[in-house]
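Okay, so here's the structure we're looking at.
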Amino acid sequence: MTIDIAPYPQDLTDGVVRLRAYRDEDADALADAIRESSTSAGRWIPWATPEYDTATAADWIRQCKAAWVMGDGYEMVILDEHSGRILGGMGLNQRNREHGFANLGYWLRVSARGRGNVTRAGKLALAFAFGSAGLTRIEIVAAHDNWPSRKAAKRIGGTFEGLLRNRLKINTNAVDAAMYSVVPGDLQPAAEHILSRST
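Read left to right, the sequence shown gives residues 23 to 221 (the numbering used here).
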C-alpha cells in the first residue's frame, strides 16, 4: 500500500507572501505572532492566548511535520516574502482520503490584517491543494458570526453552501457555521503559473 504525500517541504510564493512548511527555528517568532493575535483571534481559536509560549509552538511544529510526512495534513506558515516576518498560518487539514477533500484553515496576526494577505496565501494554498496534494474539493468552515473569516473565504474563491447547525465547537459551545467550498474549476487557469516552488 502506498501513502499519497505531497513533497516536503513545499514553498509557494506570489512575490508578496510566501507559504512554506513550518521549521523548528520558527517557534519563537510563531509564539510571538500568536500572542499578538490573542485579543481578537482568541475568540474563534481558543489556543491563541497571551500565554502561548515557544515550547507550545515547538510542539505544534513537531505535530505539523508528522502530519505532513503521513500525508494527513499540510500546515504552513505565512511569511512576508521580503522581510521573512511571520504573518500568520494556513493549513489544509481534516483530510478525507476516500473522497479527496480537506479543510482550509487560516489566521493572521493583528498587524498583518487588511492587506490581502489571507487572500494571497489562500490562492497559493488552493493551487497546491489541487496540484501537488491531489485534492478535488476544499472546504472552509467558519462560525456563522465570524465575519472576517467568512469574508476571507469569499475573497479566496469560496462558494457559500449554507449554514450548518452546531457544526463547530468554540470554547466548548456548539455553534452554527457557514460552509464554503472551492473546487478546481473555480480557480483561474493561470493560478499554477504564479507559483514558485523550492525544496
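Where is the CB? At the ideal position from N, CA and C, for every residue including glycine.
Inter-residue CB distance, residue i and residue j (contact presumed, cutoff 8 Å)
| i | j | result |
| --- | --- | --- |
| residue 109 | residue 130 | 6 Å |
| residue 44 | residue 86 | 5 Å |
| residue 190 | residue 165 | 6 Å |
Residue i - DSSP class collapsed to helix/strand/coil
| i | result |
| --- | --- |
| residue 132 | helix |
| residue 62 | helix |
| residue 198 | strand |
| residue 154 | coil |
| residue 25 | In this prediction, residue 25 has a pLDDT of 47, which is less than 50 and means its spatial position is unreliable; nothing more can be read from the coordinates. |
| residue 139 | helix |
| residue 91 | helix |
| residue 218 | Caution is warranted here: a pLDDT of 43 is assigned to residue 218, below 50, making its placement in the model unreliable, and the coordinate value is therefore given only provisionally. Coil. |
Per-residue burial, residue i [other beta carbons within 10 Å of its own, 16 or more giving buried]
| i | result |
| --- | --- |
| residue 172 | buried |
| residue 195 | exposed |
| residue 112 | buried |
| residue 212 | Low confidence applies to residue 212: its pLDDT is 42, below 50, so where it sits in the model is not reliable enough to give any reading. |
| residue 77 | exposed |
Beta bridge counterpart(s) of residue i as assigned by DSSP
| i | result |
| --- | --- |
| residue 34 | 41 |
| residue 102 | 39 |
| residue 112 | 98, 128 |
Beta-carbon proximity check, residue i vs residue j, cutoff 7 Å
| i | j | result |
| --- | --- | --- |
| residue 95 | residue 117 | yes |
| residue 132 | residue 58 | yes |
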